[in-house]
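K.L.:
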Amino acid sequence: DGMNVLFIVVDDLRPILGCYGDKLVKSPNIDQLAAQSMVFSNAYAQQAVCAPSRVSFLTGRRPDTTRLYDFYSYWRVHAGNYSTMPQYFKENGYVTLSVGKVFHPGVSSNYSDDYPYSWSIPPFHPSAEKFENDKTCRGKDGKLYANLVCPVNVTEMPGGTLPDIQSTEEAIRLLNIMKTNRQKFFLAVGYHKPHIPLRYPQEFLKLYPLENITLAPDPWVPKKLPSVAYNPWMDVRQRDDVKALNVSFPYGPLPDDFQRQIRQSYYAAVSYLDVQVGRLLNALDNVGLSNNTIVVFTADHGWSLGEHGEWAKYSNFDVATRVPLMFYVPGMTTFPASQGARVFPYLDPFSHIGGSAPQGQSEKVVELVSVFPTLAELAGLQVPPACPETSFGVVLCTEGTSIVHYFNVSEEETEEGKEACDDTDRCF
Amino acid sequence: NEEAVAFSQYPRPADTPQWNSDKPKLKDIRIMGYSMRTADYRYTVWVQFDPNSFRADFKDVHAGELYMVETDPNQDYNIYKNASHGWLLKKIL
Numbered sequence: 001d002g003m004n005v006l007f008i009v010v011d012d013l014r015p016i017l018g019c020y021g022d023k024l025v026k027s028p029n030i031d032q033l034a035a036q037s038m039v040f041s042n043a044y045a046q047q048a049v050c051a052p053s054r055v056s057f058l059t060g061r062r063p064d065t066t067r068l069y070d071f072y073s074y075w076r077v078h079a080g081n082y083s084t085m086p087q088y089f090k091e092n093g094y095v096t097l098s099v100g101k102v103f104h105p106g107v108s109s110n111y112s113d114d115y116p117y118s119w120s121i122p123p124f125h126p127s128a129e130k131f132e133n134d135k136t137c138r139g140k141d142g143k144l145y146a147n148l149v150c151p152v153n154v155t156e157m158p159g160g161t162l163p164d165i166q167s168t169e170e171a172i173r174l175l176n177i178m179k180t181n182r183q184k185f186f187l188a189v190g191y192h193k194p195h196i197p198l199r200y201p202q203e204f205l206k207l208y209p210l211e212n213i214t215l216a217p218d219p220w221v222p223k224k225l226p227s228v229a230y231n232p233w234m235d236v237r238q239r240d241d242v243k244a245l246n247v248s249f250p251y252g253p254l255p256d257d258f259q260r261q262i263r264q265s266y267y268a269a270v271s272y273l274d275v276q277v278g279r280l281l282n283a284l285d286n287v288g289l290s291n292n293t294i295v296v297f298t299a300d301h302g303w304s305l306g307e308h309g310e311w312a313k314y315s316n317f318d319v320a321t322r323v324p325l326m327f328y329v330p331g332m333t334t335f336p337a338s339q340g341a342r343v344f345p346y347l348d349p350f351s352h353i354g355g356s357a358p359q360g361q362s363e364k365v366v367e368l369v370s371v372f373p374t375l376a377e378l379a380g381l382q383v384p385p386a387c388p389e390t391s392f393g394v395v396l397c398t399e400g401t402s403i404v405h406y407f408n409v410s411e412e413e414t415e416e417g418k419e420a421c422d423d424t425d426r427c428f
Numbered sequence: 001n002e003e004a005v006a007f008s009q010y011p012r013p014a015d016t017p018q019w020n021s022d023k024p025k026l027k028d029i030r031i032m033g034y035s036m037r038t039a040d041y042r043y044t045v046w047v048q049f050d051p052n053s054f055r056a057d058f059k060d061v062h063a064g065e066l067y068m069v070e071t072d073p074n075q076d077y078n079i080y081k082n083a084s085h086g087w088l089l090k091k092i093l
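Chains as they are written, first to last, in the numbering used here: chain A, 1 to 428; chain B, 1 to 93.
Structure (structure tokens):
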């Protein structure tokens, strides 16, 4: 009988992770997942902005087919009544559940996260989400601001919590229910951080002393960059701490010291996210479902951290479009753990030493629009057919292609001397 | 063909940065940047776009970018104007 699916999607996370070779970041829990997964090093979003990217990979269609390039249309009304990936799993006997930010909220998901089409029960949104852009960041003068860089004392936050902490708690609650009911589930968990504001528990700053933080390797606007290609990072400029710097439009630059503070807080937010993922995967162990649950870990797009003199996403640069993408498939990317053994024990980024290499790695250039057909194939469902040239009238098809065949580590991707793999099961 | 390719795109309201360049509403989109990524290069053409017909006019190219992964992994040296790329335009089409 098909495996469960735990689909983790992170807002604005570029591959700043140990398993993607970043030497500075502390991401032990995501690295532990990667150590038992197939990791794609060259995965790209179809558009580097939230709603269009999410609607694209959740329907398996490109933006020119969803006709969503902004935030203000719902594909079923505006372009075509395309089935979504969760809807397809729901139609194939799965209980489908959404926690946190999976679809972008608002018009683009019909103010309902596309419920009831995509989800079996009304999607969960953390109550703390509504305070996300409030003045909750304490400035040097002790007053509260709506800053970009926003390390906080969680106990001082409204409700004494943060959205991603609430999302993890709800996801764990649902895992326990699914375990009891013994129902096959597709649980999507959408984390908000490191999307701005970079608001995270202040203790994570300890992991990244400012003296260890450098500028981007190329913090200047390239000479031959066409002006149309440049993203003037307007949302960053609107934050109180950036506004106070009076930076010129459109090219800035931000003061070096502040650039390093942004980068420091992005890293801290990634480690905060890693703790949430660690708690969630630890709970999967606790309910004994790690051996029959596929775990997908990805993001909706990347984020510029000063490269090319840019911040945020909103461009076609690699730093804005490249995302982490990994698939944990018990019995395929890793041998099932012996009964009762833990697969994802929680690892504390404040004390955990050492990294872990991905189990399998592919350098192949792949796209988020391929996640839908890939996950269908991994779960043993019929793979949706390829879309015809024009597919506005086609309810179920995909403009991506399944990348399961890349799970074999082929000749040109193995290091010298390692035996090429032509049998996925044997290899893993 | 076998080569693995990833396509991205991004809309713009104008050729030069303005307050809504990051997130233009559909009605304000005038240019679409289509990117094609392979293991060897990144090729982008910024072409005229009509938000009413949703048509991109690849004959009306506003600007282009070409970066070679091996020699310029950070995409800092745009060689679009120095290289012949007619075949790339055909390919992205």
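A virtual CB, placed ideally from N, CA and C, is assigned to each residue, including glycine.
Using only CA atoms, which one of Ile8(A), Gly100(A) and Arg54(A) lies nearest to His301(A)?
P.N.:
Of the candidates Ile8(A), Gly100(A) and Arg54(A), the one whose C-alpha sits nearest the C-alpha of His301(A) is Arg54(A).
K.L.:
Measuring alpha carbon to alpha carbon, tell me which of Gly93(A), Leu6(A), Glu307(A) and Ala386(A) ends up nearest Pro219(A).
P.N.:
Among Gly93(A), Leu6(A), Glu307(A) and Ala386(A), the Cα nearest to that of Pro219(A) is on Glu307(A).
K.L.:
Which chain A residues sit within Cβ distance under 9 Å of Asp22(B)?
P.N.:
Those are Val49, Asn231, Pro232, Trp233, Met234, Asp235, Ala312, Lys313, Tyr314 and Ser315, listed as they occur along chain A.
K.L.:
Under 7 Å between beta-carbons, which chain B residues line up against Ser227(A)? List them in chain order, please.
P.N.:
Near Ser227(A) (Cβ distances below 7 Å), the residues of chain B are Asp15, Thr16 and Pro17.
K.L.:
Within 10 angstroms of the Cβ of Lys130(A), are there 16 or more other Cβ atoms? Answer buried if so, exposed if not.
P.N.:
Lys130(A) comes out exposed.
K.L.:
On the CB-based measure, 16 or more other CB atoms within 10 Å of its CB, does Ser37(A) come out buried or exposed?
P.N.:
With 16 or more other Cβ atoms within 10 Å, it is buried.
K.L.:
Would you mind sorting Val395(A) into buried or exposed? The rule is 16 or more other CB atoms within 10 Å of its CB.
P.N.:
When all chains shown are included, Val395(A) counts as exposed.
K.L.:
With distances taken from CA atoms, which of Ser315(A), Gly360(A) and Val383(A) is nearest Ser8(B)?
P.N.:
Considering only alpha carbons, the answer is Ser315(A).
K.L.:
Along chain B, which residues have their Cβ under 8 Å away from the Cβ of Ser73(A)?
P.N.:
Near Ser73(A) (Cβ distances below 8 Å), the residues of chain B are Leu26.
K.L.:
List, in chain order, every chain A residue whose beta-carbon is nearer than 7 Å to that of Glu65(B).
P.N.:
Going along chain A in sequence order, the residues near Glu65(B) (Cβ under 7 Å) are Pro226 and Ala229.
K.L.:
Check whether the Cβ atoms of Leu148(A) and Arg239(A) sit closer than 8 Å, and answer yes or no.
P.N.:
Yes, the Cβ-Cβ distance between Leu148(A) and Arg239(A) is below 8 Å.
K.L.:
Using a C-beta to C-beta distance shorter than 8 Å, which residues of chain A count as neighbours of Phe54(B)?
P.N.:
Residues of chain A passing the Cβ test: Asp64 and Arg67.
K.L.:
Taking its Cβ as the centre, do 16 or more other Cβ atoms sit within 10 Å of Thr155(A), making it buried, or is it exposed?
P.N.:
Under this definition Thr155(A) is an exposed residue.
K.L.:
Going by alpha carbons, who is nearest to Leu207(A) out of Val25(A), Pro250(A) and Gly159(A)?
P.N.:
Among Val25(A), Pro250(A) and Gly159(A), the Cα nearest to that of Leu207(A) is on Val25(A).
K.L.:
Flag Lys364(A) as yes if its beta-carbon sits less than 8 Å from any beta-carbon of chain B, otherwise no.
P.N.:
At least one chain B Cβ lies under 8 Å of Lys364(A).
K.L.:
State yes or no: is the beta carbon of Gly33(B) nearer than 8 Å to at least one beta carbon in chain A?
P.N.:
By this cut-off, Gly33(B) is an interface position.
K.L.:
Assuming Met68(B) is part of the alpha helix (DSSP H), what are its boundary residues?
P.N.:
Here Met68(B) belongs to no alpha helix (DSSP H); instead the beta strand (DSSP E) covers Arg55 to Met68.
K.L.:
Kindly give me the distance between the Cβ atoms of Ser41(A) and Glu363(A), rounded to whole angstroms, as I take these residues to be in contact under 8 Å.
P.N.:
Sure, about 5 Å apart at Cβ, within 8 Å.
K.L.:
Using a Cβ-Cβ cut-off of 6 Å (strictly less than) and excluding sequence neighbours within five positions of Tyr451(A), which residues of its own chain qualify?
P.N.:
The structure shown does not extend to residue 451(A), since chain A is modelled only from 1 to 428, so the question has no answer here.
K.L.:
Spatial neighbours of Met326(A) within its chain, please: CB distance less than 6 Å, with the 5 preceding and 5 following residues excluded, ordered by chain position.
P.N.:
The answer, listed in chain order, is Ala34, Ser37, Val39 and Phe297.
K.L.:
State yes or no: is the beta carbon of Gln46(A) nearer than 8 Å to at least one beta carbon in chain B?
P.N.:
Yes, Gln46(A) counts as interfacial toward chain B.
K.L.:
Can you grab the Cα-Cα spacing for the pair Met32(B) / Tyr80(B), in whole Å?
P.N.:
Straight-line Cα distance between these residues: approximately 17 Å.
K.L.:
Under the DSSP definition of a beta bridge, which residues are partnered with Phe297(A)?
P.N.:
DSSP output for Phe297(A) lists Ile8(A) and Met326(A) as bridge partner(s).
K.L.:
Would a check of beta-carbon distances place Ala341(A) closer than 8 Å to chain B?
P.N.:
It does not; no Cβ of chain B falls within 8 Å.
K.L.:
Here's the rule: buried if 16 or more other CB atoms are within 10 angstroms of the residue's CB, otherwise exposed. What is Arg12(B)?
P.N.:
Buried, because 16 or more other Cβ atoms sit within 10 Å of the Cβ of Arg12(B).
K.L.:
Using only the alpha-carbon positions, how far apart do Pro17(B) and Ala229(A) sit?
P.N.:
Rounded to whole angstroms, Pro17(B) to Ala229(A) spans 9 Å at the Cα level.
K.L.:
Where does Lys27(B) sit, in a helix, a strand or coil, going by DSSP?
P.N.:
DSSP places Lys27(B) in helix when its eight states are reduced to three.
K.L.:
Could you tell me how far apart the beta carbons of Gln87(A) and Tyr69(A) are, in whole angstroms, since I believe they sit closer than 8 Å?
P.N.:
No, Gln87(A) and Tyr69(A) are not in contact; Cβ-Cβ is about 23 Å, not under 8 Å.
K.L.:
Are Val189(A) and Val99(A) touching if we call contact CB-CB under 8 Å?
P.N.:
Result yes, Cβ atoms of Val189(A) and Val99(A) sit closer than 8 Å.
K.L.:
Could you tell me if Lys23(B) is buried or exposed, where buried requires 16 or more neighbouring beta carbons within 10 angstroms of its beta carbon?
P.N.:
The residue in question, Lys23(B), is buried, as its Cβ has 16 or more Cβ neighbours within 10 Å.
K.L.:
Which residues mark the beginning and the end of the beta strand (DSSP E) in which Asn42(A) is found?
P.N.:
Unbroken beta strand (DSSP E) run through Asn42(A): Met38 to Tyr44.
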